[in-house]
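Novice: Sharing a structure, written as structure tokens. Questions coming.
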Amino acid sequence: MSRLEDVAERDEWRCWICDEPVDPRMSVNDQRGPSVDQVITKAKSKSKGAAEERLAHRGCNTRKGAVAAVAQWPDHLFIADPAPIIETVESLRRKGGRSVVGRSPSRSDADAVAAWLADRVSRLARDMELRVTVEAGGGQFMVVLHA
Numbered sequence: 109m110s111r112l113e114d115v116a117e118r119d120e121w122r123c124w125i126c127d128e129p130v131d132p133r134m135s136v137n138d139q140r141g142p143s144v145d146q147v148i149t150k151a152k153s154k155s156k157g158a159a160e161e162r163l164a165h166r167g168c169n170t171r172k173g174a175v176a177a178v179a180q181w182p183d184h185l186f187i188a189d190p191a192p193i194i195e196t197v198e199s200l201r202r203k204g205g206r207s208v209v210g211r212s213p214s215r216s217d218a219d220a221v222a223a224w225l226a227d228r229v230s231r232l233a234r235d236m237e238l239r240v241t242v243e244a245g246g247g248q249f250m251v252v253l254h255a
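In terms of the working numbering, the sequence shown opens at residue 109 and continues consecutively.
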């Protein structure tokens with residue numbers, strides 16, 4: 109089995125950046141084709157050989173370039189002031205604790221955001237124990253990510 113296939117099987121053929129399925133039959137030269145991305149977190153950047161390999165669409169990987177990747181929040185969720193997901197996870201990896209990732213006007217909206225976020229971070233940071241809670245306060249509901 110090739111390195112690409114090993115990485116793809118581990119990531120369940122999902123792009124770590126956009127979280128969309130990667131078609132194994134696509135050419136590696138196609139924008140929607142598979143590629144291996146070398147992910148170096150800020151916490152691991154000072155040690156040698158610390159790059160983690162993750163599956164990404166070739167287009168997502170190329171577009172990212174030397175700029176930090178951004179995991180997009182879906183449009184169907186009702187969330188105000190959403191935090192950058194990847195940066196928040198990296199911060200929790202380094203420091204631990206908790207971080208408010210957004211606010212919603214109703215409990216049902218916040219629960220939908222929390223369910224989506226829990227699913228997303230389970231694939232984004234497979235090596236971390238993260239949990240998502242919803243806390244009421246000030247007439248709104250805050251979605252909180254805990255390390």
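Each residue gets a CB set at the ideal place from its N, CA and C atoms; glycine is no exception.
What residues in its chain sit with their C-beta under 6 Å from that of residue 109, if we drop five residues either side in the sequence?
Specialist: Here residue 109 scores only 49 on pLDDT, less than 50, and its place in the model is too uncertain to base an answer on.
Novice: Identify every residue that forms a DSSP beta bridge with residue 146.
Specialist: 161
Novice: Is it the case that the Cβ atoms of residue 144 and residue 115 are separated by a distance below 8 Å?
Specialist: Yes, they are a contact pair.
Novice: Give me, in chain order, the residues of the same chain whose beta-carbon lies closer than 7 Å to that of residue 132; leave out the 5 immediate sequence neighbours on both sides.
Specialist: Cβ contact annotation for residue 132 (same chain, cutoff 7 Å, sequence separation greater than five): 116, 121 and 142, in chain order.
Novice: Where in the stretch 173-254 do unbroken runs of the alpha helix (DSSP H), each at least 4 residues long, occur, reported from the N-terminal end onward?
Specialist: 193-203 and 215-232
Novice: Please classify residue 109: does DSSP put it in a helix, a strand, or coil?
Specialist: Here residue 109 scores only 49 on pLDDT, less than 50, and its place in the model should not be relied on; the value that follows carries that caveat. Correct three-state label for residue 109: coil.
Novice: On a Cα-Cα basis, can you pick out the residue from 187, 129 and 180 that is closest to residue 211?
Specialist: 187
Novice: Which of the three DSSP states, helix, strand or coil, is assigned to residue 118?
Specialist: helix
Novice: Tell me the DSSP bridge mates of residue 129?
Specialist: 122
Novice: So, do the stretch 193-213 and the stretch 228-238 have three or more beta carbon pairs nearer to each other than 8 Å?
Specialist: yes
Novice: Roughly how many angstroms separate the alpha carbons of residue 243 and residue 134, rounded to a whole number?
Specialist: 43 Å
Novice: Between which residues of its own chain and residue 168 is the CB-CB distance below 6 Å, once the five residues before and five after are set aside?
Specialist: Excluding its 5 nearest sequence neighbours in each direction, residue 168 has C-beta neighbours in its own chain below 6 Å: 123, 125 and 126, listed in chain order.
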